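*Asks:* My structure is below; once you've seen it, I'll send some questions.
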Amino acid sequence: MDKHTLISNINKMKKEQNAVIVAHNYQVDEVQEVADVVGDSLALSQFCAKNSADTIVFCGVHFMAESAKILSPEKTVLLPEINAGCPMADMVTADALREAKKKYPEAAVVCYINSSAEVKAECDICCTSSNALTVIRSIEQKDILFVPDQNLGSYVAKMVPEKNIILWKGFCITHHKVKAEEVLKAKELHPDALLLVHPECKPEIAELADYVGSTKQIIDYAKNSDNDKFIIGTEMGVLYQLKKDNPTKTFYLMSNGLICPNMKKTSLQSVHDALAFKRYNITLSDDIINRASHCLNKMLEVCK
Ligand code: 13P
Ligand code: SF4
C-alpha cells in the first residue's frame, strides 16, 4: 500500500472506531504526522486520562501504552508494535523492588514512568522527566527510593539536596552511552549554540547543558528562546517538531548515537494494521490497574 492510501485508510478507520492516535516525540516523522496528539510522557498521560475516544492507538513503547490503559481501563489501548519495549523499564522488576523496599522500610518509593505496571503497583507515586522535581518536593519523607533511572535520580538528587535519593542501577541504553568528549566536541564546533539535554543522560553531560528537560520541555525551550542555534541532547525524533516549529533555527544532535531502536519500530503500516486487526490489545488485571492507578493519579494530582 502506498503512503497516501495508508493515511487515508488510517483516517477512515479512526473515524469508524472513534479512535485517537497518540505518538511520543521520538516516533518517526510520518507517524507523528498522522497522530492526533504528539508529546512527552506527561502530556500523553494527561491526554489519555481525559479524552473521550473508545480506542487509543499508542505509538510509543510498552510502558506508555500500559500507562494509558491504567488511566483509562474502559478504553481499548492498542500498541502497534508488540515488541516495542523500553530496556530501562525492564531494569527493575516488582520482585526486586519488593526486596529493596524491605531494606528501606522508611523510604517513600518513587518510580519513573518508564517502568512496568507491576512496578508502578509497588510505588507511592510516579514521575516523568518533566515533573520529577515537583513530585520529589511534594513527598514528606526525606528518604526516597527512586527507580529505575540512575541518571534522572542523580539529577533529582542534585536539584533537591534536602532529600536523600536512594538510586537504582537502571539507565536508558540510548542516552546513557553519550560521552562527555563528543558533547565537548559538539560545543567546540558550534560555540554559539545552546545545549539542551534530557535528564536520562549521565550527570557529567547534564552538567555541560544550558537547559535540562523532558522532550516537550526541550521543544518548548527552543521555540521560546531568542537563540537560533541548538545542540540537542535527546533522541533524534524531536528534530521533526523542532524543525517544524522553527524553520529559521539550526539544530545539531549532541551525538550520532541518539536513536532509540524501540521507538523506531512503529511505522505507518503498523498503525494501519493496529486499527485494521485491533492489535496489540493491552490487558492488565484489575488488581494491577487499581494499585498502579494510585501511583499515576497521584502524580497527575500533584502536577495539575
Ligand atoms: P519524555 O517524557 O521526556 O518524553 O521521555 C520519555 C522517554 O522515554 C525518554 O527517553
Ligand atoms: Fe526507553 Fe531510552 Fe527508548 Fe526512552 S529512549 S524509550 S528510556 S530506551
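Residue numbers for the sequence shown follow our numbering, beginning at 10 and rising by one.
Idealized CB from N, CA, C, for every residue including glycine.
Predicted model, so just to flag it, every value in this text is computed and none were measured.
(1) Who are the near neighbours of alanine 126 in its chain, counting only those whose CB is closer than 7 Å to its CB and skipping five residues on each side?
(2) Can you tell me which of the three DSSP states tyrosine 249 falls into?
(3) Assuming cysteine 304 is part of the alpha helix (DSSP H), what are its boundary residues?
(4) Which class does valine 187 belong to by DSSP, given the choice of helix, strand or coil?
(5) Assuming valine 47 and alanine 32 make a contact with CB atoms under 8 Å, what is their CB distance in whole Å?
(6) Which residue from Cys269, Ile227, Met272 and Asn271 puts its Cα closest to that of phenylalanine 260?
(7) Quick check on the contact list: which residues have their beta carbon closer than 5 Å to a heavy atom of the ligand 13P?
(8) At a cut-off of 7 Å, would you count cysteine 269 as near the ligand SF4, judging by its Cβ distance to the nearest heavy atom?
(9) Only counting runs of 4 or more residues, tell me where the alpha helix (DSSP H) segments fall wholly within the stretch 61 to 141, in order along the chain.
(10) Under 8 Å, do lysine 196 and isoleucine 240 count as touching if we go by C-beta distance?
(11) I'd like the list of long-range same chain contacts for aspartate 237, defined as Cβ closer than 6 Å, with 5 residues on each side in sequence excluded.
(12) Would you decide whether proline 89 is buried or exposed? Buried here means 16 or more other CB atoms lie within 10 Å of its CB.
(13) How many Å lie between alanine 103 and methionine 272 at the Cα?
(14) Starting from the Cα of alanine 62, find the closest Cα among Pro256, Leu51 and Glu83 and give me that residue.
(15) Using 8 Å as the threshold, is the C-beta distance between valine 101 and proline 157 below it?
(16) Where leucine 161 and threonine 143 are concerned, what is the direct C-alpha to C-alpha distance, given to the nearest angstrom?
(17) Between the alpha carbons of leucine 176 and isoleucine 122, how many angstroms are there, rounded?
(18) Determine the contact status of isoleucine 19 and cysteine 68, defining contact as a CB-CB distance below 8 Å.
(19) Return helix, strand or coil for tyrosine 164, following the three-state DSSP convention.
(20) Shorter than 7 Å, the distance from the beta carbon of glutamate 39 to the closest heavy atom of the ligand SF4, or not?
(21) Using 8 Å as the threshold, is the C-beta distance between alanine 117 and isoleucine 153 below it?
*Replies:* In brief:
(1) Glu75, Ile79, Leu293, Ile297 and Ala301
(2) helix
(3) 295 to 311
(4) coil
(5) 5 Å
(6) Ile227
(7) Asp49, Ser50, Thr137, Ser138, Ser223 and Thr224
(8) yes
(9) 71 to 80, 103 to 112 and 126 to 129
(10) yes
(11) Lys258
(12) buried
(13) 24 Å
(14) Glu83
(15) yes
(16) 13 Å
(17) 15 Å
(18) no
(19) helix
(20) no
(21) yes
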